[in-house]
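Quick note: the sequence shown uses our numbering, first residue -4, plus one each step.
Okay, structure first, notes after.
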Amino acid sequence: MGVIPRFAKEMIMSESLPKIRINQTGYHTSLNVRMAVLTDGPLTVTDESGNIVKTIEYEAPSFDEASGDNVRLLDLGILPAGKYFAKAGTESREFVVSESSPRDVADALVKGLYFQRCGMELEEKYAGIYKHPACHTAEAADWEDNSKKRLVTGGWHDAGDYGKYVGPGAVTAAHLIYSDILFPSCVSDNLNIPESGNGVPDILNEARYELDWMLKMQREDGAFHHKLTKARFAPFIMPEEDLLQEYLMPVSHTATGAACACLALSYRAYKKYDADFALRCLDSAVRAWKWLEENPDFEPYKNPEGVNTGGYGDRNLTDELFWAACELYAATGDEKYLKSAEELFSEDMLLAEFGWANVGGLGALCVMFELKETAGDLYLKVKNTFLRQSKKALEVTRLSGYGTAIPSEGYIWGSILTDMNNAMSMAVSFLLTGDTEMLDGAMLQWDYALGLNALDICFVTGFGERRVMNPHHRPSGSDDITDPVPGLISGGPNKGIPIPRQRKSLVRMSLPLSIFSMSFPPQIPMR
Ligand SMILES: [Zn+2]
C-alpha cells in the first residue's frame, strides 16, 4: 500500500510510478474499462489463466499539459467479472471487473458523512476502530451578544475542521437528496448507521442528521446564522478534546438562501416518510424566504474581526435565490415562487454548477426533473441553457491526456470540486439526452478519483492499492490509527502551496463537494 509523499512536487517528479494507470477499486461489468498508459503499445489483457482476452494497438503516448506526462487513454470496452492483467512493454498491472466494486465505494462515501457527525457518540458497533465520545455538546454563544446562549448540537463537521457551516451543509444534504431522487438505488440501504432499518433510505437518514441541525441554525426572524464555529481553527486534536466556546456567527443572505432551498427540497423528499418533519422543513423554508424578501440589501458574509475560521464568502446571491424559488414552487405550487424564479433566471446564469458557492445547477435539477410539466417556458430555457453549458465539461476532458475534467490551469486547492462538478454536469446531461459520450465523460471522472490520474493515487480514503493516507482531517491526524477515516474524498492535486505550515500532506479533504457525483455511477447503466 502506498503512502502519499510529503510534497506533491516529489510525486509528480517520481519516476517510479506504474506506467499503467487504472481505477484501483475495479470496474463495473456494464461499463467500459478505461486506463491510461505512459508507455508504447501494444497493450494486452490476460485473464487469471493467462489467456489473452484483448490486444490493443495504439499511437505513441502524447504530451499532457497539466501533468507533463506523455500519456495515451485507452478504452478496453466491457469485460466480464474477473481478475485481469494489463501488460504493455515491461509494465504489468492487475485490475478487477466486478458487480460490487462501484457500490462499495458509493456506500463508503455516504458512510464517510456518518464519521463526520458532531454532538453524538460514534459507537463501536457503527464506527469500529474510529469510535469516539460525543463532541461539541455545550451551549453555543451568539457572537454578537455573548450573553445569549443556546444548544445547537448535531450536524456534520466540515471537511477537515470542526466548524459547521450552513451553506456547504445545505449543498451537501441536497446532493444526497438528489442522489436519492435521480438514482434511487445508488447506495445500499444498510450502511450500518444508527437509523439503518427504520424504513427510510439510509442516504436520506444521513442527510437528515445535517437537516435537524440546520433547523436549529435559524434565527427567530427567519434568517440563518452563517456558521457555528470557534473563533479559530482547532489544532489537530480529537473532536471531544476541542472544548473552547462555540459561537453562532452572524446571519447571512447566502446561508439563508441555501438553507431555504435545501429545506424546501427536504419537504418533497421526506413527506412520505415523516410528514411532521417535512412540514417543519417547509415552514422553515417559507420563513427564510420571507426574511430574504424583507431584507433585499445583499451583503456578502465577512468574518467578524477576531474570527478566522472558514469564510465561505460568496458574492453572488442570485443563484441561491433562484434555487430557493424553484424548490419552493415545487414544494407549494404557489405561482409567486415560479414568478420569482422566472425573474431571477438569465441565460448567463451558471446552471452546470453544483458546488457550495454556485448553486444554480441545483435549481436547474429542480426545474428539469420536478417542474418539467409545470414550469412552462422556464423549463425549456433552463434545459437549453444547462445542456449548452454542460458541453463545456466534455470539451475539457478532451483536452486532457487522462480525460480529466479539470483544465490544466485549474489545479487549485480543492481541485476535485471542479472535476466532480463537471462529472455531475455530464451525468445529468446523459440523463436528459441519453448521449453516451456524456456518460463516458462522467465515468472517466469516477475513474480519475479512484486512481486513473497522473499521481496514481486513489483519492477516496480506505480504497486503492496506492491510497490517500494523510488527509487534512483532524480526527485522522490525531486518533493514533494508521489508516485515515474511510470514505472521505481528498481535495486532489494542487499546483500551489496552500498552507505553508501545513502539518500533513498537501492533500486536503474537501468533503462537501462531491458526494452526489461519487454516488451516481453504479446506477446509470441500470436506468
Ligand atoms: Zn463535534
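Each residue gets a CB set at the ideal place from its N, CA and C atoms; glycine is no exception.
As the structure is a prediction and not an experimental result, all values here were calculated from the model.
Sub-9 Å separation of G150 and Y204 beta-carbons: Contact flag set, yes.
Near G436, which residues of its chain fall below 6 Å by C-beta distance, leaving aside the five closest residues on each side in sequence? Within the same chain, and ignoring the five residues on either side of G436 in sequence, the residues whose Cβ sits closer than 6 Å to its Cβ are L389, T392, M421.
What residue does the alpha helix (DSSP H) around M209 start on, and which one ends it? Here the alpha helix (DSSP H) through M209 covers 197 to 211.
Is P128 close to ligand 1? I mean its beta-carbon at under 8 Å from any heavy atom of the ligand. P128 Cβ: outside cutoff for every heavy atom of ligand 1.
From which residue to which residue does the alpha helix (DSSP H) around G162 run? Looking at the DSSP string, the run of the alpha helix (DSSP H) that includes G162 is 161 to 177.
Select from G482, C255, G486 the residue whose C-alpha is nearest the C-alpha of T413. By alpha-carbon distance to T413, the top candidate from G482, C255, G486 is G486.
If we ignore side chains and look at the alpha-carbon of each, how far apart do S500 and S25 end up? Caution applies to S500, whose pLDDT of 39 falls short of 50 and renders its modelled position unreliable; the model cannot decide the point.
Per-residue DSSP class, three states only, for K331: DSSP, reduced to helix, strand and coil, places K331 within a helical segment of the structure shown.
By Cβ distance, which residues of its chain are closer than 6 Å to H248, with the 5 residues on each side in sequence left out? Only F293, L312 meet the Cβ criterion.
C-alpha gap between S183 and V246, whole angstroms: Whole-angstrom Cα-Cα distance: 37 Å.
Let me check one thing: in DSSP terms, what residues is T132 bridge-paired to? DSSP output for T132 lists no bridge partner at all.
When DSSP labels each residue in this structure, what does D475 get in the three-state scheme? The answer is coil: DSSP assigns D475 none of H, G, I, E or B.
Using the rule of at least 16 other Cβ atoms within 10 Å of the residue's Cβ for burial, across every protein chain shown, is D156 buried or exposed? Buried, since its Cβ has 16 or more Cβ neighbours within 10 Å.
At what residue ranges does the segment 311 to 366 contain a whole run of the alpha helix (DSSP H), taking only runs of 4 or more? Taken in chain order, the whole alpha helix (DSSP H) runs of length 4 or more contained in the segment 311 to 366 are 313 to 327, 330 to 339, 355 to 360.
Who are the near neighbours of L316 in its chain, counting only those whose CB is closer than 6 Å to its CB and skipping five residues on each side? When the five nearest sequence neighbours on each side are left out, the beta carbons in the same chain lying within less than 6 Å of the beta carbon of L316 are those of G252, L339, in order along the chain.
Do T369 and G158 come within 9 Å of each other at the CB atom, strictly closer than that value? Cβ atoms of G158 and T369: not closer than 9 Å.
Selected residue, minimal CA-CA separation from C525, among Y443, A103, D70: A question about residue 525 goes unanswered here, because the residues of the chain that appear run from -4 up to 522.
Below 8 Å, is the gap between the Cβ of G114 and the nearest heavy atom of ligand 1? At least one heavy atom of ligand 1 is nearer than 8 Å to the Cβ of G114, so yes.
Distance between beta carbons of D309 and P295, contact taken as under 8 Å: Approximately 6 Å separates the beta-carbon atoms of P295 and D309; this is inside 8 Å, confirming the contact.
Is H131 close to ligand 1? I mean its beta-carbon at under 8 Å from any heavy atom of the ligand. Yes, ligand 1 has a heavy atom inside 8 Å of this Cβ.
Could you say if the segment 159 to 168 and the segment 203 to 221 meet the contact criterion of at least three C-beta pairs nearer than 8 Å? Between the segment 159 to 168 and the segment 203 to 221, the count of Cβ pairs shorter than 8 Å is three or higher; the stretches touch.
Verify the contact flag: Y125, CB atom, against every heavy atom of ligand 1, threshold strictly below 8 Å. No, Cβ of Y125 sits at least 8 Å from all heavy atoms of ligand 1.
Where do the N-terminal and C-terminal ends of the alpha helix (DSSP H) with K126 fall, by residue? Secondary structure note for K126: it is in no alpha helix (DSSP H), with a DSSP letter that is neither H nor E.
Kindly list the residues whose CB is nearer than 6 Å to the CB of E89, restricted to its own chain and excluding five residues on each side of it in sequence; keep chain order. Closer than 6 Å at Cβ, skipping near neighbours: F80.
Secondary structure at E288, three-state DSSP: helix, strand or coil? For E288, the three-state secondary structure derived from DSSP is helix.
Is Y262 helix, strand or coil by DSSP? Helix, per DSSP.
State buried or exposed for K222, treating a residue as buried only when at least 16 other CB atoms are found within 10 Å of its CB. Looking at its Cβ environment, which holds 16 or more other Cβ atoms inside 10 Å, K222 is buried.
Under 9 Å between the Cβ atoms of C257 and W284? Contact: no.
My understanding is that L360 touches N353, with C-beta atoms under 8 Å, so please give their C-beta distance in whole angstroms. L360 to N353, Cβ: 13 Å. No contact.
Could you tell me whether the segment 63 to 75 touches the segment 118 to 126, where touching means 3 or more Cβ pairs closer than 8 Å? Result no; under three Cβ-Cβ pairs closer than 8 Å.
Using only the heavy atoms of ligand 1, determine whether one of them is closer than 8 Å to the beta carbon of H467. Not under cutoff, so the answer is no.
Reference N18, options L483, D451, I232, closest by Cα: Ranking the options by Cα distance to N18, first place goes to D451.
Need the endpoints of the beta strand (DSSP E) that G107 sits in, please. From DSSP, G107 is part of no beta strand (DSSP E) but of the alpha helix (DSSP H) over 96 to 109.
Y109: CB within 8 Å of a non-hydrogen atom of ligand 1: Taking the Cβ of Y109 as the reference point, every heavy atom of ligand 1 lies at 8 Å or farther away.
Looking at the strands, I want to know which residues DSSP matches up with R16. According to DSSP, residue pairing for R16 in a beta bridge involves A31.
Residue closest to V105, alpha-carbon to alpha-carbon, out of E54, L483, M115: Its Cα nearest to that of V105, the residue L483 stands out among E54, L483, M115.
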